[in-house]
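Chemist: There's a structure below that I have some questions on.
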Amino acid sequence: MQRRHFLKAAGLLAVAVPALRQAQAQTAMDHAAMGHDMGHAMPAPAPAAQGLSLPRGEHLPALQPLVNQAAEPGRFAASLRAAPVQVALWGDARQTTFWAFNDSVPGPLIELWEGDEVDIGFDNALPQPSTIHWHGMPVPPAEDGNPQDPVAPGKGRHYRYTLPPGCAGTYWYHPHPHGHTAEQAFRGLAGPIIVRSKTDPLRHLPERHLLLSDLKLAADGQIAANDMADLHDGREGQFVLINGAWQPVITLGEGERQRWRIWNASSSRIIKLALPAHEVQLVGTDGGLIGAPQPVDSVLLSPGERCELVVTGRFKPGQPAGLISQPYARGKRMHPEQEKDDTLASIVAYGMRPTLALPASLRPIAPLGAPGFRRKIVLSENMADPKAPFLINGQSYDMNRIDGTGQVGRIEEWEVIADAHMDHPFHLHGTQFQVLARTVDGIWEDEPFLAWRDTVNVPAGGMVRLRFVQTLPGLRMFHCHILEHEDRGMMAQIDFLPG
Ligand code: C2O
Ligand code: CU
Ligand code: CU
Numbered sequence: 029m030q031r032r033h034f035l036k037a038a039g040l041l042a043v044a045v046p047a048l049r050q051a052q053a054q055t056a057m058d059h060a061a062m063g064h065d066m067g068h069a070m071p072a073p074a075p076a077a078q079g080l081s082l083p084r085g086e087h088l089p090a091l092q093p094l095v096n097q098a099a100e101p102g103r104f105a106a107s108l109r110a111a112p113v114q115v116a117l118w119g120d121a122r123q124t125t126f127w128a129f130n131d132s133v134p135g136p137l138i139e140l141w142e143g144d145e146v147d148i149g150f151d152n153a154l155p156q157p158s159t160i161h162w163h164g165m166p167v168p169p170a171e172d173g174n175p176q177d178p179v180a181p182g183k184g185r186h187y188r189y190t191l192p193p194g195c196a197g198t199y200w201y202h203p204h205p206h207g208h209t210a211e212q213a214f215r216g217l218a219g220p221i222i223v224r225s226k227t228d229p230l231r232h233l234p235e236r237h238l239l240l241s242d243l244k245l246a247a248d249g250q251i252a253a254n255d256m257a258d259l260h261d262g263r264e265g266q267f268v269l270i271n272g273a274w275q276p277v278i279t280l281g282e283g284e285r286q287r288w289r290i291w292n293a294s295s296s297r298i299i300k301l302a303l304p305a306h307e308v309q310l311v312g313t314d315g316g317l318i319g320a321p322q323p324v325d326s327v328l329l330s331p332g333e334r335c336e337l338v339v340t341g342r343f344k345p346g347q348p349a350g351l352i353s354q355p356y357a358r359g360k361r362m363h364p365e366q367e368k369d370d371t372l373a374s375i376v377a378y379g380m381r382p383t384l385a386l387p388a389s390l391r392p393i394a395p396l397g398a399p400g401f402r403r404k405i406v407l408s409e410n411m412a413d414p415k416a417p418f419l420i421n422g423q424s425y426d427m428n429r430i431d432g433t434g435q436v437g438r439i440e441e442w443e444v445i446a447d448a449h450m451d452h453p454f455h456l457h458g459t460q461f462q463v464l465a466r467t468v469d470g471i472w473e474d475e476p477f478l479a480w481r482d483t484v485n486v487p488a489g490g491m492v493r494l495r496f497v498q499t500l501p502g503l504r505m506f507h508c509h510i511l512e513h514e515d516r517g518m519m520a521q522i523d524f525l526p527g
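For the working numbering, count along the sequence shown from 1 and bump the result up by 28.
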């Protein structure tokens, strides 16, 4: 991707060039949705002069849509090609090699509707085998990019599935090949998915999309390999990017109500998000809307997790106006923990705006009933064995070993335990679960409200109790979503047999 050419083509002023995505800064749709021209004066970008510091202060780039090629309604057809791409991060002659879907970092936004028949062609132009995993979506195992179904370099395939009713939510896609998932994701292969419902009670609100990813550069300006500390703690780079931009600027009217979908697509950061100057309600989790808006001071978003927030611009004096991450210690041994607030994005006011209504109830969630089966899942670390440092129920992942069987349609209750000095964000393929309770300082606490999730952080020494049901037969992985841990063994798989 020739960023300078691209900038010229898009007719932008060459003031701030941090974003990695390929096309224009804001789509027409976004303008319309926000009801405002956002191209007004912005804080000057910081000098990108010294070392690896990226330019910052650009408007939040819009995610590039993956264009639907299907003519008939109810169908989505498109293709994704994974390939190396050159990006001019600093807007000068220096180029950084990323691996990207359709030359876009992050990957293009896939917008689907409940009930859609989806057909996405995949071409692998990487030097490694790859797959596309549809994180969180109710997709049959054979279409879900499992490590057992690699696409060799130079080869391709189609992923085909039909979205069931009721699955509207915020998902994402990333590769899942055996042993290479972390590397392919941190080199840039990850993209957002939104599944929409015709009866969305929040469709009147303007929508913002924020995909958070992590960028670690080596001294030569290329993407750094994982070092020992990354392999142990999980990779953390110098930059947290939003839609490919470092510390972008978001506009929000005084009193304006916006719906934000946020993805944590970083390898290992557990991000404690806060907007201290504004009014914030949690309205959705991974698998879509919750029963009613929940006022929150912060949201802990572990790697792989998503949330939907309704943000109302208040600009309370004395509070930082931006989107910040607050300190959260996740038990790292080899990286320092975050000690102070970090700015992820600045927020600037653009006058008073009317405050659109926020419905008191959103989407009812019925509790899953009594379980027909129970399991205990223990996540542990064994640093004495460099070949098998991260374990589930005492074992390192083996692609050819089935770790248990289940039954389609039967409610399972799992107790997931982090018998470990680090937090391990737990993720299950193929379905959404309800968290019933978690331990806080060793004491069980019931979950205050029901929500559909596919990823939940299990803090060091903590436990989470959850229920789910699989609706499709086949092999399903579950793993830690710190991708270095997943690749190094903290994954297992259950074969769900037709009920
Ligand atoms: Cu997002 Cu098995 O992963
Ligand atoms: Cu997944
Ligand atoms: Cu882990």
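Beta carbons: idealized from backbone N, C-alpha and C, even for Gly. Quantities reported herein were computed from a predicted structural model and do not represent experimental measurements.
(1) Indicate the three-state DSSP secondary structure (helix, strand or coil) for residue 227 in the structure shown.
(2) Counting only the same chain and skipping the five closest in sequence on each side, list residues whose C-beta sits under 8 Å from that of residue 464.
(3) Strictly by DSSP, which residues pair up with residue 284?
(4) Measuring CB to CB, does residue 262 end up less than 8 Å from residue 512?
(5) Excluding five sequence neighbours on each side, which residues of the same chain lie with their C-beta closer than 8 Å to the C-beta of residue 319?
(6) Does at least one heavy atom of ligand 2 sit under 7 Å from the Cβ of residue 164?
(7) Going along the chain, which residues of its own chain have a beta-carbon closer than 8 Å to the beta-carbon of residue 540, five neighbours each way excluded?
(8) For residue 200, count neighbouring Cβ atoms within 10 angstroms of its own Cβ and tell me buried if that reaches 16, exposed if not.
(9) Using alpha carbons as the reference points, say which of 291, 225, 150 lies closest to residue 102.
(10) Count the other CB atoms, across all protein chains shown, that sit within 10 Å of the CB of residue 508; report buried if there are 16 or more and exposed otherwise.
(11) Any heavy atom of ligand 3 within a distance shorter than 7 Å of the CB on residue 513?
(12) How about residue 434 and residue 524: are their beta carbons less than 8 Å apart?
(13) Evaluate the contact criterion for the stretch 452 to 460 versus the stretch 375 to 383: three or more CB pairs, one atom per stretch, below 8 Å.
(14) Just reading off the beta strand (DSSP E) that residue 246 is part of, what are its end residues?
(15) Does DSSP put residue 496 in a helix, in a strand, or in coil?
(16) With respect to the beta strand (DSSP E) encompassing residue 523, which residues constitute its N-terminal and C-terminal limits?
(17) Output the boundary residues of the beta strand (DSSP E) element that contains residue 320.
(18) Looking only at its chain, what residues have a beta carbon closer than 6 Å to the beta carbon of residue 429, apart from the 5 residues adjacent to it on each side?
(19) Do you know offhand how far residue 330's Cα is from residue 337's?
(20) Hey, would you say the C-beta of residue 150 is under 7 Å away from at least one heavy atom of ligand 3?
(21) Indicate the three-state DSSP secondary structure (helix, strand or coil) for residue 192 in the structure shown.
(22) Under DSSP, the alpha helix (DSSP H) around residue 411 begins and ends at which residues?
(23) Straight-line CA distance for residue 323 to residue 307?
(24) Run the proximity test for residue 420: is its beta-carbon closer than 7 Å to any non-hydrogen atom belonging to ligand 3?
(25) Taking all protein chains shown into account, decide if residue 198 is buried (16 or more other Cβ within 10 angstroms of its Cβ) or exposed.
(26) Could you check what DSSP says for residue 513 in three-state terms: helix, strand or coil?
(27) How should residue 78 be labelled, buried or exposed, when 16 other C-beta atoms within 10 angstroms of its C-beta is the threshold for buried?
(28) Just to confirm, are residue 189 and residue 168 a CB contact at a threshold of 8 Å?
(29) Shortest alpha-carbon distance to residue 311 belongs to which of 326, 298, 304?
(30) Just grab the DSSP bridge partners of residue 380 for me.
(31) Under the three-state reduction of DSSP, which class applies to residue 365: helix, strand or coil?
(32) Is it buried or exposed for residue 62, if we count other Cβ within 10 angstroms and need 16 for buried?
(33) CB-CB under 6 Å to residue 236, same chain, minus the five flanking residues each way: which ones, in chain order?
(34) What did DSSP end up calling residue 90 once you bin it into helix, strand or coil?
(35) Where residue 407 and residue 396 are concerned, what is the direct C-alpha to C-alpha distance, given to the nearest angstrom?
(36) Rounded to the nearest angstrom, what separates residue 425 and residue 254 at their Cα positions?
Modeler: On the basis of the coordinates in this document:
(1) coil
(2) 441, 474, 475, 493, 494, 495
(3) BP columns for residue 284 are empty, so no partner.
(4) yes
(5) So the list reads 389, 390, 391, 392, 393, 477, 478, once near-sequence residues are dropped.
(6) Yes, the beta carbon of residue 164 sits closer than 7 Å to at least one heavy atom of ligand 2.
(7) In the structure as shown, the chain begins at 29 and stops at 527. Residue 540 is therefore absent and cannot be evaluated.
(8) Residue environment analysis places residue 200 among the buried positions, since at least 16 neighbouring C-beta atoms fall within 10 angstroms of its C-beta.
(9) 225
(10) Per the 10 Å Cβ criterion, buried.
(11) yes
(12) yes
(13) no
(14) From DSSP, residue 246 is part of no beta strand (DSSP E); its letter is neither H nor E.
(15) strand
(16) Residues 519 to 525.
(17) 316 to 323
(18) none
(19) 16 Å
(20) No, the beta carbon of residue 150 sits no closer than 7 Å to any heavy atom of ligand 3.
(21) Residue 192: coil per DSSP, three-state reduction.
(22) Counting along the chain, residue 411 falls outside any alpha helix (DSSP H), and DSSP gives it neither H nor E.
(23) 8 Å
(24) no
(25) buried
(26) helix
(27) Bear in mind that the predicted position of residue 78 carries a pLDDT of just 47, short of 50, making it unreliable; the figure below should be weighed with that in mind. Residue 78 is exposed by the Cβ-count criterion.
(28) Residue 189 is a Cβ neighbour of residue 168, given a cutoff of 8 Å.
(29) 326
(30) 282
(31) coil
(32) Only weak support is given to the placement of residue 62: the predicted model assigns it a pLDDT of 37, under 50, and the value that follows is read from those uncertain coordinates. So residue 62 counts as buried.
(33) 286, 288
(34) coil
(35) For residue 407 and residue 396, the distance between alpha carbons rounds to 25 Å.
(36) 20 Å
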